[in-house]
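Chains as they are written, first to last, in this note's numbering: chain A, 1 to 115; chain B, 1001 to 1114.
Below is one structure, written out as structure tokens, with a few remarks after it.
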Amino acid sequence: AQSVTQLGSHVSVSEGALVLLRCNYSSSVPPYLFWYVQYPNQGLQLLLKYTTGATLVKGINGFEAEFKKSETSFHLTKPSAHMSDAAEYFCAASRSSGGYQKVTFGTGTKLQVIP
Amino acid sequence: KAGVTQTPRYLIKTRGQQVTLSCSPISGHRSVSWYQQTPGQGLQFLFEYFSETQRNKGNFPGRFSGRQFSNSRSEMNVSTLELGDSALYLCASSWRDSSYNEQFFGPGTRLTVL
């Protein structure tokens, strides 16, 4: 069975500080991995995704994530937090199962940015 | 290209009633998934439709049902509403059923059951 674990339901950082949101997946076969962001009263929006190739993936708004197979991790980082980054972030894993796509979401991490 | 639209955006119902939510995917997308989002449970997968066929279903009671039409628009129905059904219901579409395709989410329907 596939599972996604996000460590820390709430993370607080100061404006300008490094953002690090952790995601680990549990799967016998490395899945495709995604990070989504959700702003208040909105749906989820794709930040970035890893499918194949380069393990360091760059996304929108200055975010990036690195796929580490040996650590089964896909942590999301941003060098300098901005107030507008305050939102909830979801890590997701997707793989084929029984002929169709199976997507598993983590429980989410709320990012607070302190001025 | 227009995004995923969901109607209505907000809904207030009372216990025992039923409700139908609608989702229009991005043009050309054939896969539509539904999720329930609550503060305590996070994102819970309800079901997924592809070309009018339900291919995958989450662990929800039979009161939750859905369908997809030939134009890929989808509806979900909840019968005999309970207080615990209060949630944000999100619809997501994707181009096809490949694992590497991201999902595009609508803004959600906020359902409040009184």
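Don't be surprised by glycine CBs; every beta carbon is placed ideally from N, CA and C.
All figures in this text were calculated on a predicted structure; none of them were measured in a lab.
Please list the partners that residue i has in chain B, where partner means a Cβ-to-Cβ separation under 8 angstroms.
i: Val-103/A; result: Ser-1033, Phe-1045 and Gln-1103
i: Gly-108/A; result: Gly-1042 and Leu-1043
Since residue i and residue j are thought to touch, with beta carbons under 8 angstroms apart, how far apart are those beta carbons, to the nearest angstrom?
i: Glu-1052/B; j: Ser-1024/B; result: Between Ser-1024/B and Glu-1052/B the Cβ distance is about 15 angstroms, and since that is not below 8 angstroms, they are no contact.
i: Arg-1110/B; j: Arg-1009/B; result: 7 angstroms
i: Gly-1003/B; j: Ile-1026/B; result: 6 angstroms
i: Gly-1040/B; j: Phe-105/A; result: Their Cβ separation, rounded to whole angstroms, is 15 angstroms, which puts Gly-1040/B and Phe-105/A out of contact at 8 angstroms.
Residues of chain B with a CB under 7 angstroms from the CB of residue i: which are they?
i: Thr-51/A; result: Tyr-1100
What does the Cβ neighbour count give for residue i, buried or exposed, with the cut at 16 atoms within 10 Å?
i: Met-1076/B; result: buried
i: Ser-1072/B; result: buried
i: His-1029/B; result: buried
i: Thr-52/A; result: exposed
i: Glu-71/A; result: exposed
i: Thr-1112/B; result: exposed
i: Gly-1066/B; result: buried
i: Thr-1007/B; result: exposed
i: Tyr-39/A; result: exposed
i: Ser-1068/B; result: First, the residue type needs correcting, since residue 1068/B is Gln and not Ser in the sequence shown. Buried is the call here.
i: Gly-47/A; result: According to the sequence provided, residue 47/A is Leu. The question's Gly does not apply to it. Leu-47/A comes out buried.
i: Ala-54/A; result: exposed
i: Ser-84/A; result: exposed
i: Leu-1090/B; result: buried
i: Leu-1114/B; result: exposed
Hey, residue i and residue j: beta-carbon distance below 9 angstroms or not?
i: Gln-101/A; j: Asn-1059/B; result: no
i: Ser-1033/B; j: Ser-1093/B; result: yes
i: Thr-1005/B; j: Gly-1084/B; result: no
i: Ser-80/A; j: Gly-16/A; result: yes
i: Leu-76/A; j: Val-19/A; result: yes
i: Glu-64/A; j: Ser-73/A; result: no
i: Pro-115/A; j: Lys-69/A; result: no
i: Gln-42/A; j: Gly-1108/B; result: yes
i: Gln-1017/B; j: Leu-1081/B; result: yes
i: Asn-61/A; j: Lys-78/A; result: yes
i: Gln-1054/B; j: Val-103/A; result: no
i: Gln-6/A; j: Ser-26/A; result: no
i: Thr-1020/B; j: Ala-1087/B; result: no
i: Ser-1031/B; j: Phe-1050/B; result: yes
i: Phe-1064/B; j: Asn-1056/B; result: no
How would you list, in chain order, the residues of chain A whose beta-carbon sits under 8 angstroms from the beta-carbon of residue i?
i: Leu-1090/B; result: Gly-43 and Leu-44
Whose Cβ in chain A lies nearer than 7 angstroms to the Cβ of residue i?
i: Gly-1108/B; result: Gly-43
i: Asn-1059/B; result: The premise fails here: Asn-1059/B is roughly 13 angstroms from chain A at the closest Cβ pair, so nothing lies under 7 angstroms.
i: Asn-1071/B; result: What Asn-1071/B touches in chain A: nothing, since even the nearest Cβ is about 21 angstroms away.
i: Asn-1077/B; result: Result: empty, since nearest Cβ-Cβ is about 20 angstroms, beyond 7 angstroms.
List the residues of chain B that residue i touches, going by C-beta distances under 9 angstroms, in chain order.
i: Phe-90/A; result: Gly-1042 and Leu-1043
Pairing CB atoms from the segment 82 to 101 of chain A with CB atoms from the segment 26 to 37 of chain A, are three or more of them under 8 angstroms?
-> Yes, since at least three Cβ pairs between the segment 82 to 101 of chain A and the segment 26 to 37 of chain A fall closer than 8 angstroms, the two stretches touch.
Assess, as a yes-or-no matter, whether the segment 8 to 25 of chain A is touched by the segment 104 to 114 of chain A under the definition of 3 or more beta carbon pairs within less than 8 angstroms.
-> Counting Cβ pairs under 8 angstroms, three or more are found: they touch.
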